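**Q** Here you go, one structure.
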Amino acid sequence: MDLFEVGHQSIELQRPGRIAVIAEVGINHNGDLGLAKRLIDVACDAGCDAVKFQKRTIDIVYSAEILDSPRESPWGSTQRDQKEGLEFGLEEYQEIDRYCAERAIAWSASAWDLQSLEFIESFDPPFHKVASALISHSDFVRAVAALGRPTLISTGMATLEMLDEVVEVFRVAGTPFALLHTISTYPSPESDLNLLTIPMLRARYGVSVGYSGHESTVSPSIVASALGAGIIERHITVNRAMYGSDQAASLEESGLRQLVGALNKLPSLLGSGRKGWAPGEAEVASKLRYWE
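If you want this note's numbering, it's the 1-based position in the sequence shown plus 1418.
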């Protein structure tokens, strides 16, 4: 797969070419639609290609025992209060859909259960996402593949044998997909990132490979792209100190702008890989090589 259709754009996932950036809002909106719009603005203004959210059906994803357990949050004193406080429903996603169209940026959401997958599919998204946590949920993986939409598959918490099975499901279905190397810790220590996995995955599966980073810095995503990642997904926030489990693993606006700017320059920095004289070198050689 050479192209990954996102909205009205054809996003090239393999070098040489441009590097696509997906801004992962996730649940960093903290249940506030106004904050969600602000994060969409941050992604648009930084030059991202798409924004992505997360969607869960609380009573499917979590057991009653977990939901009834205590947890202090801005929404109450139980896990249910916290989980429900972070979820958007139909009206919120209809407004997200409208606002993203107004800002001319594509959007999708990682579904965490079959009901949520059906919900997101109703918005005709340009792509789906299989989160790392769902990679061993065979019914879910098959359901996503059966939809036929381009799909991003995160590879955290997965063995190669698990990835072999998921890749086979998508190949049998004939559904285009890209793999995203990721480490499922939040935030991820840089020493754990193992970025050389990116060229290994490309060689093993012969597909486009990207990188979904959870570290608090910018440079690993740039290194990942230099190693062949044609799509970068990063969590974003307006303040890393805000309430929320993903905030500390996110980039603030300045970091996101820095990342997109560096990624835009990267293809020209890497060049073709063919050795020859660069423009201007002949003139310098004529001045420095006095014996010629």
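Cβ atoms here follow ideal geometry from the backbone N, Cα and C, with glycine treated the same way.
For clarity, every value in this text was computed on a predicted model and none was experimentally measured.
Once you ignore the five residues that flank G1691 on each side, which residues in its own chain have a CB closer than 6 angstroms to its CB?
**A** Taking the sequence shown and counting its residues from 1, the one referred to as residue 1691 is at position 273. Excluding residues within five positions, none has a Cβ falling inside 6 angstroms.
**Q** Which of helix, strand or coil does DSSP assign to G1628?
**A** Walking along the sequence shown from the start, residue 1628 turns up at place 210. DSSP places G1628 in strand when its eight states are reduced to three.
**Q** By DSSP, does E1651 sit in helix, in strand, or in coil?
**A** Position 233 of the sequence shown, counted from the first residue, corresponds to residue 1651. DSSP places E1651 in strand when its eight states are reduced to three.
**Q** Alpha carbon to alpha carbon, how far is A1529 from A1680? Give it in angstroms, no decimals.
**A** One-based indexing of the sequence shown puts residue 1680 at position 262. One-based indexing of the sequence shown puts residue 1529 at position 111. So the alpha carbons of these two residues sit roughly 30 angstroms apart.
**Q** Does the beta-carbon distance from L1570 to K1547 come in below 7 angstroms?
**A** Here residue 1570 corresponds to residue number 152 of the sequence shown, with the count starting at 1. Here residue 1547 corresponds to residue number 129 of the sequence shown, with the count starting at 1. Yes, these two residues count as a Cβ contact at 7 angstroms.
**Q** By the three-class DSSP mapping on this structure, what secondary structure does E1633 have?
**A** Taking the first residue of the sequence shown as 1, we reach residue 1633 at position 215. Coil, per DSSP.
**Q** Please work out which residues of its chain come closer than 8 angstroms, Cβ to Cβ, to P1456, disregarding the five sequence neighbours upstream and downstream, and give them in chain order.
**A** For this step, residue 1456 is matched to residue 38 along the sequence shown. In the sequence as displayed, the identity of residue 1456 is Arg instead of Pro. Excluding sequence neighbours, R1456 sits near V1656.
**Q** Whose CA, out of P1638, L1669, P1697, C1466, lies closest to the CA of L1611?
**A** Taking the first residue of the sequence shown as position 1, residue 1611 is located at position 193. When each option's Cα is compared against that of L1611, the closest is P1638.
**Q** My output table needs one value for E1505: the three-state DSSP class, helix, strand or coil.
**A** Taking the sequence shown and counting its residues from 1, the one referred to as residue 1505 is at position 87. Correct three-state label for E1505: coil.
**Q** Going along the chain, which residues of its own chain have a beta-carbon closer than 6 angstroms to the beta-carbon of A1549, five neighbours each way excluded?
**A** Here the question's residue 1549 lines up with position 131 in the sequence shown. Correct list, in chain order: S1528, S1572.
**Q** Skipping 5 residues on each side, what residues in its chain have a beta carbon closer than 6 angstroms to that of S1634?
**A** Counted from its first residue, the sequence shown places residue 1634 at position 216. Here the set comprises P1605.
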